[in-house]
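Enquirer: Got a structure for you, questions after.
2 protein chains.
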Amino acid sequence: MKIGILGLGLIGGSLGFDLRSQGHNVLGVSRRESTCQKAVALGSVEQASVDLSLLASAEVVFICTPIALIVPQFEQLIAYLPSTTVVTDVGSVKAPIVEAISPLWDNFIGGHPMAGRADSGIEAAQRDLFVGKPYVLTPETRTPTAAISVVEEIVRSLGANIYHCQPEQHDRAVAWISHLPVMVSSSLIAACMSETDSEVLQLAQKFASSGFRDTSRVGGGNPELGLMMARYNRQALLRSLQHYRHNLDKLIHLIEQEDWTVLEERLKSTGKARPDFVE
Amino acid sequence: MKIGILGLGLIGGSLGFDLRSQGHNVLGVSRRESTCQKAVALGSVEQASVDLSLLASAEVVFICTPIALIVPQFEQLIAYLPSTTVVTDVGSVKAPIVEAISPLWDNFIGGHPMAGRADSGIEAAQRDLFVGKPYVLTPETRTPTAAISVVEEIVRSLGANIYHCQPEQHDRAVAWISHLPVMVSSSLIAACMSETDSEVLQLAQKFASSGFRDTSRVGGGNPELGLMMARYNRQALLRSLQHYRHNLDKLIHLIEQEDWTVLEERLKSTGKARPDFVE
Chain A
167 MKIGILGLGL IGGSLGFDLR SQGHNVLGVS RRESTCQKAV ALGSVEQASV DLSLLASAEV
227 VFICTPIALI VPQFEQLIAY LPSTTVVTDV GSVKAPIVEA ISPLWDNFIG GHPMAGRADS
287 GIEAAQRDLF VGKPYVLTPE TRTPTAAISV VEEIVRSLGA NIYHCQPEQH DRAVAWISHL
347 PVMVSSSLIA ACMSETDSEV LQLAQKFASS GFRDTSRVGG GNPELGLMMA RYNRQALLRS
407 LQHYRHNLDK LIHLIEQEDW TVLEERLKST GKARPDFVE
Chain B
167 MKIGILGLGL IGGSLGFDLR SQGHNVLGVS RRESTCQKAV ALGSVEQASV DLSLLASAEV
227 VFICTPIALI VPQFEQLIAY LPSTTVVTDV GSVKAPIVEA ISPLWDNFIG GHPMAGRADS
287 GIEAAQRDLF VGKPYVLTPE TRTPTAAISV VEEIVRSLGA NIYHCQPEQH DRAVAWISHL
347 PVMVSSSLIA ACMSETDSEV LQLAQKFASS GFRDTSRVGG GNPELGLMMA RYNRQALLRS
407 LQHYRHNLDK LIHLIEQEDW TVLEERLKST GKARPDFVE
């Protein structure tokens with residue numbers, strides 16, 4: 167099959183490696199000529215170009231650009247594609263993308279491979295990145311089943327675990343487990359920085375160990391990623407943040423009231439619930 | 167030197183191993199006869215008893231019981247000790263303990279070895295537990311220098327890094343980097359559990375990966391430890407929680423107002439501040 171990849175970063179580049187190893191003919195487009203050359207040299211794609219017209223002959227196109235560029239790039243790409251081309255994207259937020267592209271393209275299916283890493287760029291691309299990872303697809307009721315099947319078959323061949331859901335459900339779910347933790351964790355660091363007694367601050371910095379390291383990790387990560395989460399998943403993230411704030415307030419109230427019985431029950435219940443997420 | 171250890175759990179038992187390997191004569195007291203037998207069998211202490219009078223001949227006594235028992239156990243111990251005995255404790259909160267014991271005992275120095283682990287009990291005790299870890303001492307201006315020197319020398323021999331500070335400074339510092347993260351992390355799990363759309367909750371559970379795992383870890387830990395932090399470090403923890411809530415509110419406000427410039431600055435600044443704590 168002839169498969170196009172628009173955007174040759176970590177996800178697009180890794181996808182190229184896997185699809186080529188299965189014998190597909192993989193065509194890549196990047197905004198930068200240097201990225202095109204690297205992607206070909208590394209073997210991630212067979213041919214690459216800065217020109218969108220290269221993708222005209224692809225049967226399936228994966229849009230793997232940063233989230234802010236998915237819709238604008240698709241709007242430019244549309245001029246080159248026959249209406250039979252199946253298009254999918256890999257954006258980490260689904261509702262705004264599906265809402266923008268679906269009315270323009272019948273054979274579109276939103277997607278989100280949950281295989282992010284701290285590294286980015288074509289240099290970070292690797293084989294088997296998607297093996298054992300969730301890969302969400304958000305087809306609509308009117309999406310042609312043939313288009314769904316084509317994308318599903320490719321995703322399955324990557325070794326990923328396929329989930330189907332509505333774009334809004336996806337966005338709420340990732341708000342809970344990916345976007346909310348970033349804000350919670352960043353606020354922890356910000357609060358510690360607000361300590362005005364410089365001796366206490368220095369002691370805190372010396373004493374911090376694995377507990378602080380783990381809880382602060384995602385809050386100290388890539389600020390652009392955090393910003394994108396807030397911008398593109400604003401509504402679901404605000405919903406999660408309001409619930410979080412409510413739960414935090416309850417906990418503060420329990421400590422203020424010295425209600426140790428209920429506080430202990432609460433800590434027990436969160437300890438009991440965590441394995442449902444992480445095991 | 168003859169050294170007594172009151173409380174033979176992870177910390178007391180580990181201390182015993184190290185002190186014996188340096189040739190000290192180590193006496194242990196536990197509330198349970200079975201723990202006494204295990205501690206002797208493992209080699210953590212030379213002699214052990216459920217009777218506090220065993221510690222009468224010790225030159226230095228380490229109180230290593232759970233935090234709630236430190237003051238009551240000391241109050242019982244006092245009847246057996248000559249006034250020359252140097253007493254120290256290993257409680258993870260210092261102000262309430264120092265306030266209670268200092269008026270009763272001149273040769274008392276509060277201490278906190280920051281070498282906690284998830285495991286507990288004499289079975290979890292190990293050699294070299296304190297190597298490279300912070301060990302806080304909180305002597306007061308009126309504490310005899312000879313008593314401070316004795317404890318310092320022992321602590322240094324464990325391979326720990328000694329810090330001196332006031333009990334209140336210690337408690338504020340650990341509120342930031344140990345106790346606040348537990349509450350922040352527990353509230354994250356509690357908020358996720360509050361999702362009323364069961365499909366979204368199930369998706370969140372399936373999608374959760376390393377970011378959620380790390381941010382939720384300490385909130386899913388031992389509920390008794392979390393409760394002790396809140397009970398015994400209530401004031402400092404509430405102070406940290408109020409600062410945290412204020413920072414969280416600012417962040418929610420930025421997202422509501424779509425103030426992406428300031429949000430990005432904020433995420434950048436927390437990313438920049440984190441290495442001061444964890445590197």
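The listed protein sequences derive, respectively, from chains A and B. Here the first sequence is numbered in our numbering, starting from 167 and rising by one per residue. Here the second sequence is numbered in our numbering, starting from 167 and rising by one per residue. Even for Gly, the Cβ is constructed at its ideal location relative to N, Cα and C.
1) Which of the three DSSP states, helix, strand or coil, is assigned to S196/A?
2) Ignore the nearest five residues each way along the sequence and tell me which others in T231/A's own chain have a CB closer than 7 Å to its CB.
3) What residue from G377/A, G387/A, W426/A has the CA that sits closest to D285/A's CA?
4) List, from N- to C-terminal side, the alpha helix (DSSP H) runs of 4 residues or more that fit wholly inside the stretch 375 to 405 of chain A.
5) Residues of chain A with CB under 8 Å from S364/B, in chain order?
6) Could you round the C-beta distance between N327/A and G298/A to whole angstroms and report it? I think they count as a contact, below 8 Å.
7) Using a cut-off of 8 Å between C-beta atoms, extract the partners of E306/B located in chain A.
8) Quick one: list the residues of chain A neighbouring E361/B, beta-carbon separation under 9 Å, in chain order.
9) Classify H330/B as helix, strand or coil using the three-state DSSP reduction.
10) In or out: G257/A buried (at least 16 other Cβ within 10 Å) or exposed?
11) Please determine, among I320/B, E424/B, I169/B, Q408/B, the residue with the shortest C-alpha to C-alpha distance to R128/A.
12) Shortest alpha-carbon distance to I236/B belongs to which of T250/B, A214/B, V264/B?
13) Would you grab the beta carbon distance between I314/A and I275/A for me? Rounded to a whole angstrom, and I think it's under 8 Å.
14) Beta-carbon of Q423/A versus every beta-carbon of chain B: anything under 8 Å?
15) Looking at the secondary structure, which residues open and close the beta strand (DSSP E) in which V211/A lies?
16) What separation, rounded to the nearest whole angstrom, lies between the Cα atoms of A402/A and R338/A?
17) Return the bridge partner residues of L172/A from the DSSP annotation.
18) By how many angstroms is the C-alpha of L417/A removed from the C-alpha of G385/B?
19) Does DSSP classify L369/A as helix, strand or coil?
20) If we count Cβ pairs, one from each stretch, closer than 8 Å, do we get three or more for the stretch 363 to 373 of chain B versus the stretch 317 to 332 of chain B?
21) Indicate the three-state DSSP secondary structure (helix, strand or coil) for V428/A in the structure shown.
22) Using beta carbons (cut-off 8 Å, strictly below), is S351/A in contact with chain B?
23) What are the boundary residues of the alpha helix (DSSP H) that includes D294/A?
24) With DSSP collapsed to three states, give me the class of G276/B.
25) Report yes or no: is there a C-beta of chain B within less than 8 Å of the C-beta of Y301/A?
26) With 16 as the cutoff for other CB atoms within 10 Å, does V252/B come out buried or exposed?
27) Terminal residues of the continuous beta strand (DSSP E) containing T304/A?
28) For S187/A, which residues in chain B fall below 7 Å Cβ to Cβ?
29) Does E473/A have its Cβ less than 8 Å from a Cβ in chain B?
30) List the endpoints of the continuous alpha helix (DSSP H) containing V252/B.
31) Excluding five sequence neighbours on each side, which residues of the same chain lie with their C-beta closer than 7 Å to the C-beta of T381/A?
32) Restricting to Cα atoms, I'd like to know which of G282/A, A214/A, E431/A is closest to A356/B.
33) Take Q242/A as the anchor and find which of Q371/A, V216/A, I177/A has the nearest alpha-carbon.
34) Inspect the beta-carbon positions of F228/B and T254/B and report whether they are closer than 8 Å.
35) In whole angstroms, give me the CA-to-CA distance for R397/A and I421/B.
36) Would you verify that the beta carbon of D380/B is, or is not, closer than 8 Å to some beta carbon of chain A?
Expert: On the basis of the coordinates in this document:
1) coil
2) L172, G173, Q239
3) G387/A
4) Within the stretch 375 to 405 of chain A, the complete alpha helix (DSSP H) runs of at least 4 residues are 376 to 382, 389 to 398.
5) Under the 8 Å cutoff, chain A gives no residues; its nearest Cβ is about 11 Å from S364/B.
6) About 7 Å separates the two Cβ atoms, so the contact holds.
7) Within chain A, no residue has its CB atom less than 8 Å from the CB of E306/B, the nearest being about 16 Å off.
8) R338, A339, W342, S406, H409
9) strand
10) buried
11) Given a span of 167 to 445 for chain A in the structure shown, any question on residue 128/A remains unanswerable.
12) V264/B
13) 6 Å
14) no
15) Taken as a continuous stretch (DSSP letters only), V211/A belongs to no beta strand (DSSP E), as it is neither H nor E.
16) 5 Å
17) V195/A, I229/A
18) 12 Å
19) helix
20) no
21) helix
22) yes
23) That residue, D294/A, is in no alpha helix (DSSP H); it is neither H nor E in DSSP.
24) strand
25) So no, Y301/A is outside the interface.
26) buried
27) 300 to 304
28) Per Cβ cutoff of 7 Å: no residues; S187/A is ~25 Å from chain B at best.
29) The first residue shown for chain A is 167 and the last is 445, placing residue 473/A beyond what the model contains.
30) For V252/B, there is no enclosing alpha helix (DSSP H); the residue is part of the beta strand (DSSP E) that begins and ends at 252 to 255.
31) Correct list, in chain order: S351, L354.
32) Of G282/A, A214/A, E431/A, the smallest CA-CA separation from A356/B is found for E431/A.
33) V216/A
34) yes
35) C-alpha separation (whole angstroms): 8 Å.
36) Yes, its Cβ sits closer than 8 Å to a Cβ of chain A.
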